[in-house]
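Undergrad:
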Amino acid sequence: MLDVKILRDDLDRVKERMTTRGVEIDWAEFVSLDRERRDALANLERLKEKKNRLSGEIGKLKKSGDDATAPMREVGEVSEAIRNGEGPLAEIEARFERFMLSLPNLPNVDVAIGKSAEDNRDIRRWGEPPTFDFPAKNHWEIGEELNILDFVRGAKLAGARFTLYKGAGARLERALINFMLDLHTGERGYQEMLPPALGNRAALIGTGQLPKFEDDLFRIESSEYFLIPTAEVPLTNVHREEMLEREDLPINYVAYTPCFRREAGSYGQDVRGLIRQHQFNKVELVKLSEPETSYDELETMVQDAEEVLKRLKLPYRVVELCTGDMGFASAKTYDLEVWLPGQEAYREISSCSNCEDFQARRAQIRYRKEKKGRPIFVHTLNGSGLAVGRTLVAVLENYQQKDGSVVIPEVLRPYMGGLERIG
RNA sequence: GGAGAGAUGGCCGAGUGGUCUAAGGCGCACGCCUGCUAAGCGUGUGUACCCCACAAGGGUACCGAGGGUUCAAAUCCCUCUCUCUCCGCCA
């Protein structure tokens, strides 16, 4: 959520920057709503002030045994005027809040302006895409031939976009999770968390999935819970409605969780294989930081995610998303894209964003810079470190051998009981 | 699932209809005093929003959430959420 004050003070600049996201926003609606709201509020508060004053007088009169019928009759009229005003005000406030919650974050000023992924900026590349003296296979071919991924039975158990991992495949997924967690906790200063995989409405509003993107989420029908689409939701909400101490910051959390996404509107995209699933595993990094250092923290977080790929010796590139390609809550985002020989393309495997105070304002996560100072919103950051299923895809495709087997990256072997090769 | 208890300001904790404009304490901030590993004394101390120049000043709301009774609610009534204790069931 944006600060209402910047909308009032500098609407033209906000309009201009918001336009770079490619979203249509009814600004006239905002201006009139804001005006209506303030008028109605001021009017009602005047009435309440009068009512409180009269009530006090009645109390004094009654105490001294005097007649209070006149002020009581007057307060009755004021009360009715208040009742008549409350309904309309509540309606205006609800509309105002809906509007504010539906506004995406403002892109940071130094983010490149663009319309789509084509306008993203290449920041750096690491590693060389491998060359094969045989036709490179897709991971779903490799997985099925090695009998470690079963898409047919995954569909039988749940449906399309669900996969059953088997044997060494299941273990490889688990090895990747443990490897990533150990790296981030052991060497990169993150505290490991194991949060609920379901979240309530307030949590999903806090990080920005609700109210606008309910269609992307799985909802539990019998109660007001949603399956989390990412551990960003629970991790960022850990300190929702809390006042933090300056010395606590930055806070660095890492968590492995399953993630659940409806993938509505992505029919026909990545229909085969593990790339786009309704349920997938992810190791997520979240930071809460002071505003002054959040962009340094973003750079660090990207490097933390990159380190996973470096140790796995998987070639990748870092891209900076342009204004038109960024997510709802983000002010600046870097994507890590890993090389997939089966597709001969770089595919997203991590997305690291600085949301500045956008989520903190929704979730009321604040701290005091000085003991006596006013509370200020922290900056929140999140990044995949990494998407586990896609990492497994990258391992299978980059480490595939001519004989159909797959070599296990060295750093994973301790997690695989010393296994060096699948198949 | 059943029974009971509870939810008050950064923290602890009083408060069962009208100076609650929330006692008291801790913590914190500022000042004073004092020189001996510290204490004492005084003053102040929330959040959000609205009016206003985002100043001074003023107002409204907030005692888990929502609704109700009343001229008046932390206080009475209803619903919900969460926490704790006990019982049952269960990984």
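Per our numbering, the very first residue in the first sequence carries number 3; after that it's consecutive. For every residue, glycine included, the Cβ atom is placed at its ideal position computed from N, Cα and C. The model shown is predicted, which means the values in this text are computed figures rather than measured ones.
1. With distance defined between alpha-carbon atoms, name the residue in R349, E18, K7 and G24 nearest to C324.
2. Buried or exposed: T133, going by 16 or more other Cβ atoms within 10 Å of its Cβ?
3. Looking at C-alpha atoms only, which residue of M418, K62, R423 and P106 is the closest neighbour of V409?
4. Taking the alpha carbon of E244 as the point to measure from, which residue in I378, N140, I144 and E189 has its own alpha carbon closest?
5. Is it true that the CB of R319 sits closer than 8 Å to the CB of R349?
6. Could you tell me how far apart the beta carbons of C357 and A331 are, in whole angstroms, since I believe they sit closer than 8 Å?
7. Taking contact to mean 3 or more Cβ pairs, one atom from each stretch, closer than 8 Å, check whether the region 39-47 and the region 339-348 are in contact.
8. Taking the C-alpha atoms as reference points, what is the distance between V395 and H141?
9. Following the continuous alpha helix (DSSP H) through I179, name the residue where it begins and the one where it ends.
10. Rank Y227, P198, P236 and E226 by C-alpha distance to the C-alpha of T209 and give the top, closest one.
11. What ranges does the beta strand (DSSP E) occupy inside the region 183-238, keeping only unbroken runs of at least 3 residues that lie completely in it?
12. Buried or exposed for L159, please, with buried defined as at least 16 other CB atoms from any protein chain shown within 10 angstroms of its CB.
13. When the Cα atoms are used, what is the spatial distance from R173 to E223?
14. Would you mind reading off the limits of the beta strand (DSSP E) that contains Y348?
15. Taking the alpha carbon of Y258 as the reference point, which residue from I207, F181, R278 and G425 has its own alpha carbon closest?
16. Give, in chain order, every unbroken run of the beta strand (DSSP E) that is at least 3 residues long and sits entirely within the region 257-336.
17. Should the region 141-151 be regarded as contacting the region 255-272, the criterion being three or more beta carbon pairs within less than 8 Å?
18. What does DSSP give as the partner residues of Y255 in its beta bridges?
19. Where do the ends of the beta strand (DSSP E) carrying M3 lie?
20. Taking the alpha-carbon of K289 as reference, which of V256, F262 and V273 has the nearest alpha-carbon?
21. Hey, S118 and D327 are a contact pair by Cβ (cut 8 Å); roughly how many whole angstroms apart?
TA: Looking at the coordinates:
1. G24
2. exposed
3. R423
4. I378
5. no
6. 5 Å
7. no
8. 6 Å
9. G169 to G188
10. P236
11. 193-195, 200-202 and 227-229
12. exposed
13. 33 Å
14. A347 to N356
15. F181
16. 281-291 and 318-322
17. no
18. Q193 and V288
19. Per DSSP, M3 belongs to no beta strand (DSSP E) and is neither H nor E.
20. V256
21. 6 Å
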